[in-house]
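Just below is one structure, and these are the notes that go with it.
There are 2 protein chains.
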Amino acid sequence: MATIKDVAKLAGVAISTASYALSGDRRVAAKTKEKVLEAAKQLNYRKNGFAMDLKRSRTNTIALILTDLSGPYYSELIRSVQDVALSNGYDLVACSSMGGKESTAVKFLREKRVDGAIVLAHNITDEVLLQTASSNFPIVAMDRVTTGEGLISIVVDGELGGYKATRHLIDHGHQSIAFVSGPANSYDNMLRYQGYLRAMHEAGLEEKAKWRLSGNFVRDGGYKVTKMMMMQGELPSAIFYGNDEMAIGGIKAIEEESYSVPDDISVIGFDDIQLAEYINPPLTTIRQPMHESGSLAGHLLFQMLNDQEVNDSYKLKVELVERKSVKSVEEVSKSLI
Amino acid sequence: MATIKDVAKLAGVAISTASYALSGDRRVAAKTKEKVLEAAKQLNYRKNGFAMDLKRSRTNTIALILTDLSGPYYSELIRSVQDVALSNGYDLVACSSMGGKESTAVKFLREKRVDGAIVLAHNITDEVLLQTASSNFPIVAMDRVTTGEGLISIVVDGELGGYKATRHLIDHGHQSIAFVSGPANSYDNMLRYQGYLRAMHEAGLEEKAKWRLSGNFVRDGGYKVTKMMMMQGELPSAIFYGNDEMAIGGIKAIEEESYSVPDDISVIGFDDIQLAEYINPPLTTIRQPMHESGSLAGHLLFQMLNDQEVNDSYKLKVELVERKSVKSVEEVSKSLI
DNA sequence: CTGAAAGCGCTAACAC
DNA sequence: GTGTTAGCGCTTTCAG
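Those protein sequences? They're chains A and B, same order as listed.
So the first sequence is numbered by this note's numbering: it starts at 3 and just counts up by one.
So the second sequence is numbered by this note's numbering: it starts at 3 and just counts up by one.
Laid out in structure tokens, this is it:
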């Protein structure tokens, strides 16, 4: 591999001159520059990125760390972060935290291969974040509330979301409402559940233990849990699934047993993933402000990178998007007559 | 930022000893090692990744380059590449080629910030690929046929796909079949179109110019073009959309005009994106073997990285997945009686 | 305008 | 086992 040294030699100039010429410094004579460029081309010279980063001790790159690069949910988020990065003249790389402590993500953080990071990955411990972040290595954590030096957090108001979802069901006359939760250790899930409880209590409704089930935030979990619920006989009139994936699985289960959504059972989800609007019936759900949060995360990161003051935690509002998977009980009974 | 030098000094050992201790070389005494580790912890020492890469002149990382990180189509591909990378002990970063020559992607390639790359991004020119690839910087290009030193390619048999799709329609008795194409400069599109033509000619059918329209591979394009077609009056009995996105837009247009898919018009797509199975009616389409191609790309890259021989181009088969958007003309006419 | 030289932080011979 | 040292390839003073 040709180095700048080779280029300089071939062009018959000093290394520094070659460097200047290559990086377009204006003080090299046009003729010299041309010579260098020619030599570079001839040698198929490629500058070595690390050497440069090492010297500059800056990478001009930020990382977006996700649990699973292949998850389809993040598209909007990724896009907005990307836009912000681009408009700040920074590069963005995405990497996965699969593999926990050994993952690419953790390596990137620990070894400072980037100038800062946005992390949306629950399998990275708070400890790692706290240890890695510092004023010259800012991190924006999403969906968790850890803060510290150089570490700020953005969360979405899941409690409010849970409340809104449940309230929507109650407002439509539902009294028996099941909650299908995600993993027990999930902070998001807990918030959504708390919102659910608040709405239920406020309306003087009771949560039935047998209608609180866990589907682990995955489609198949929602499916299985719903099947189980149906086998037990007594059914709720509405189900609040902790996320859309589970709701999609749930709807499938419901329809397989020849019940109809929303005629027999109303369903509401959470997230508003892309699929939500395409399934049948289109899913009423709580929309996560992906675009806003990505964009906010990006901006905050750059503010920190530029040593500007930022708050250390942000909470984003959430909204209900009404589609066709919830029907009011009055309407349902009317149509039965 | 503490460097290894600081650690060594605090621990009272030489730099090399510190380095050995930190990287777990077995020849340092347990006690020394402990001292070093303790010092490192105290200083909150983080090793500098570039310095290491520079020294080692290897990064243990490969890049997956996509046009748009936020595209949802690639999930399966990303996952399979990720699996292969992980199981080879390599890290994977994904980056976007948005921004063309100035993009992160091109920078990563030119500056060799990784050991090799898989690129699925049409806005990166063949030239860049050819220039950057070399025996010690292998690149696997997907969806294009450029090859060169250290550069191999994987394509999916689009011609066959186009043929199969069209043939499926013909086998269902359709004679007037429209083709909605993607961008004119798209290689994929061309292949699919050729397959379409081959099937048409083989069946002695004629392509009508007015039924060959371009929807630019986007949903809205499919929608508009279909609307236009419908306004012109005479309708085909089936439409082959160059990709699923356009088909989804097209179906919307068709239904807005109170026609039904597949009762009035049969529709077939290409790609088998996740949505395809969820829309109404579920879309019959040609499945791209995303998982297989990702996995193949990964394996080939590692073979090249390990200086093993590989072919320089691979072509993957494609299969039809039959769902509900195509109906045979006999069935249709029967139901009209 | 050009050249010599000092490192950036780390690894890996090599010598003790 | 541990210390010394020579770079990896580049940028960037500082002299000339």
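Ideal Cβ placement from N, Cα and C applies to all residues, glycine included.
Here the structure is a predicted model, which is why all the values come from computation and not from measurement.
Residue pairing by DSSP places M248/A opposite no residue, since no beta bridge is assigned to it. Cβ neighbours of L56/B within its own chain (closer than 6 Å, five residues either side excluded): none. Partner residues in the beta bridge of K317/B, as assigned by DSSP, are V157/B.
Across the structure, I156/A and S330/B are spaced so that their CA atoms are roughly 53 Å apart. Take the alpha-carbon of L193/B and the one of L215/B: they are about 16 Å apart. At a Cβ-Cβ threshold of 9 Å, L132/B and L162/B do not count as neighbours.
Judged by pairs of C-beta atoms under 8 Å, the segment 283-294 of chain B touches the segment 318-325 of chain B, as three or more such pairs exist. Per DSSP, reduced to three states, the secondary structure at F219/B is coil, with no helix or strand assignment. Our two residues, M100/B and D93/A, have alpha carbons roughly 10 Å apart in a direct line. In terms of CA proximity to K254/B, M230/B leads the group Q234/B, G235/B, M230/B, E236/B.
Of all residues in the segment 83-102 of chain A, those with a C-beta nearer than 8 Å to a C-beta of chain B are Q84, L88, D93, L94, V95, A96, C97, S98, M100, G101, reading in chain order. Runs of the alpha helix (DSSP H) spanning 4 or more residues and lying entirely within the segment 80-160 of chain A occur at 106-112, 128-134, in chain order.
K49/A and N62/B have their alpha carbons spaced roughly 19 Å apart.
Annotation for N313/A: I154 place their beta carbon closer than 8 Å to its own, counting only its chain and skipping 5 residues before and after.
A residue is called buried when at least 16 other Cβ atoms come within 10 angstroms of its Cβ; N218/B meets this threshold and is buried. When rounded, the separation of the alpha-carbon atoms in Q234/B and L68/B is 38 Å. Counting every other CB atom within 10 Å of its CB across the protein chains shown gives I17/B a total below 16, marking it as exposed.
Under the 9 Å criterion on CB atoms, R214/B is classed as non-interfacial with respect to chain A.
For a Cβ distance threshold of 8 Å, nothing in chain B lies close to G300/A: the least Cβ distance comes to about 13 Å. Inter-residue distance for P291/B and V320/B is about 7 Å (C-alpha atoms, whole angstroms). Relative to the Cα of A201/B, the nearest Cα in the group Y22/B, F181/B, A186/B, D27/B belongs to F181/B. Taking all protein chains shown into account, G26/A has fewer than 16 neighbouring C-beta atoms within 10 Å of its C-beta and is therefore exposed.
Chain A has no Cβ within less than 9 Å of the Cβ of F242/B.
The three-state reading of DSSP puts V15/B in coil, since its state is none of H, G, I, E or B.
Three or more Cβ pairs closer than 8 Å define a contact, and the segment 264-281 of chain A falls short of that threshold against the segment 135-155 of chain A.
With respect to V121/A, V142/A sits close: the two C-beta atoms are nearer than 9 Å. Against chain B, a Cβ distance below 7 Å from A53/A picks out L56. Under a criterion of Cβ atoms nearer than 7 Å, the residues of chain B adjacent to K109/A are, in order, D93. With respect to R221/B, G175/B sits apart: the two C-beta atoms are not nearer than 9 Å. Here Q276/B is near Y75/B, since their CB atoms are less than 9 Å apart.
In the DSSP assignment, Y195/A falls within the alpha helix (DSSP H) that extends over 189-204.
Rounded to the nearest whole angstrom, the CA to CA distance from D159/A to Q196/A is 11 Å. S72/A is not bridged by DSSP to any residue. Burial state of N187/B is exposed, judged by a 10 Å Cβ sphere holding fewer than 16 other Cβ atoms.
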